[in-house]
Amino acid sequence: MDKLTSTQILEAGLDDWRQLAQGIHARFRTGSFTKGLRFLTAVTEAAEAANHHPDVTLTYPHVDLLLISHDVGALTSRDVDLARTISSIAAEHGLKPQPGALAEVDLALDTAAPAAAGPFWAALLTGDASNVRGEDVVDPSGRVPLLWFQETDSHETPRQRFHLDVWVPHDVAGERIAAAVAAGGVVVDDSQAPSFTVLADGEGNRACVCTALER
Numbered sequence: 001m002d003k004l005t006s007t008q009i010l011e012a013g014l015d016d017w018r019q020l021a022q023g024i025h026a027r028f029r030t031g032s033f034t035k036g037l038r039f040l041t042a043v044t045e046a047a048e049a050a051n052h053h054p055d056v057t058l059t060y061p062h063v064d065l066l067l068i069s070h071d072v073g074a075l076t077s078r079d080v081d082l083a084r085t086i087s088s089i090a091a092e093h094g095l096k097p098q099p100g101a102l103a104e105v106d107l108a109l110d111t112a113a114p115a116a117a118g119p120f121w122a123a124l125l126t127g128d129a130s131n132v133r134g135e136d137v138v139d140p141s142g143r144v145p146l147l148w149f150q151e152t153d154s155h156e157t158p159r160q161r162f163h164l165d166v167w168v169p170h171d172v173a174g175e176r177i178a179a180a181v182a183a184g185g186v187v188v189d190d191s192q193a194p195s196f197t198v199l200a201d202g203e204g205n206r207a208c209v210c211t212a213l214e215r
């Protein structure tokens, strides 16, 4: 299957879905656990028919879904097709999409030796030192955030070495950045926006607001 670019995903017109760090995501408000379960039963039937399956999280007020073609580690037409089907099912069930509520957090560690650091962090975070893909630590169960390593020069501590990458929908990033600034933060670097914008809190601790655009 051909991997799709972020531009192709945007042009697909998936209004209920947003691309974040890993795949495309959607949230549908159900208002009750029972409605969510009925919705997911219909989604399961569609997924079985397509032989392609989303990751799902069912809670009392909403259902979260993630689509990605795991066999190629990217988004493909299978994800777009199933996303459209799921949106149709949600509409049939009277469920409201909430794309503005979506977010995803990755951990980033500055290190001069990413290859050496990977197995340690994989063992610590997932219990298995082999859970390294490239130079990223990935939890197959999805219980902990992805950890990636940003190469840097060797340096003495103290210096902030961990930072959060907060992935939000591209049409929410400006609002999220403005809220962080209004809460006492500052914009450190927006030269790579909308791909990412570097922010800092009042003590200088940094984080990035990231989107799938221009990647």
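Start counting the sequence shown at 1; every next residue gets the next number (UniProt numbering).
For each residue, glycine too, the CB sits at the ideal point set by N, CA and C.
Model, not experiment: these values are computed from the prediction.
task = Please state whether DSSP places L66 in a helix, a strand or coil.
result = strand
request  = Name the two residues that bound the continuous alpha helix (DSSP H) containing R38.
outcome  = Here the alpha helix (DSSP H) through R38 covers F33 to A50.
key: Rounded separation between A212 and E135 - CA only   = 20 Å
request  = May I ask which residues mark the beginning and end of the beta strand (DSSP E) holding E135?
outcome  = Where E135 is concerned, there is no enclosing beta strand (DSSP E), given that its DSSP letter is neither H nor E.
request  = Taking P97 as the reference, give the member of F28, K3 and E203 with the closest Cα.
outcome  = F28
query = In chain order, which beta strand (DSSP E) runs of at least 3 residues are fully inside the UniProt domain "Glyoxalase-like" (107-210)?
reply = 147-151, 162-167, 186-189, 196-200 and 206-210
inquiry  = For H62 and A101, what's the separation of their Cα atoms in angstroms?
reply    = 11 Å
request  = Measure the Cβ-Cβ separation of P140 and D16 and say whether it is below 9 Å.
outcome  = no
query = What's the call for R161, buried or exposed, on a 16-neighbour Cβ count within 10 Å?
reply = exposed
ask   = By DSSP, does E214 sit in helix, in strand, or in coil?
value = coil
Other residues of its chain near A117: CB distance less than 8 Å, five sequence neighbours each side excluded = L109, T111 and F149
task = Please state whether DSSP places T57 in a helix, a strand or coil.
result = strand
query = What's the gap between the Cα of H155 and the Cα of R18?
reply = Approximately 38 Å, taken between the alpha carbons.
request  = Starting from the Cα of residue 244, find the closest Cα among D71, A113, G73 and T44 and give me that residue.
outcome  = Outside the shown range of the chain (1 to 215) lies residue 244, about which nothing can therefore be said.
request  = Quick one: grab the DSSP three-state call for A90.
outcome  = helix
L10, enclosing alpha helix (DSSP H) - first and last residue = S6 to E11
Nonlocal neighbours in the same chain, by C-beta distance under 6 Å from residue 246, ignoring five residues either side = In this structure the chain extends from 1 to 215, so residue 246 is not present and cannot be described.
message = For a cutoff of 9 Å on Cβ pairs, would you count M1 as touching chain B?
response = Considering every chain present, this structure includes no chain B. It has just one protein chain.
request  = Reducing DSSP to helix, strand and coil, say where A26 ends up.
outcome  = Strand.
query = Which residues does DSSP pair with Q19 in a beta bridge?
reply = I24
query = In three-state terms, what does DSSP make of A74?
reply = strand
request  = Would you be able to state if there are at least three C-beta pairs under 8 Å between the segment 80-95 and the segment 5-16?
outcome  = The answer is yes - the segment 80-95 touches the segment 5-16, with three or more Cβ pairs under 8 Å.
inquiry  = For H52, which residues in the same chain have their Cβ closer than 6 Å to its Cβ, ignoring the five residues on either side in sequence?
reply    = R78 and L82
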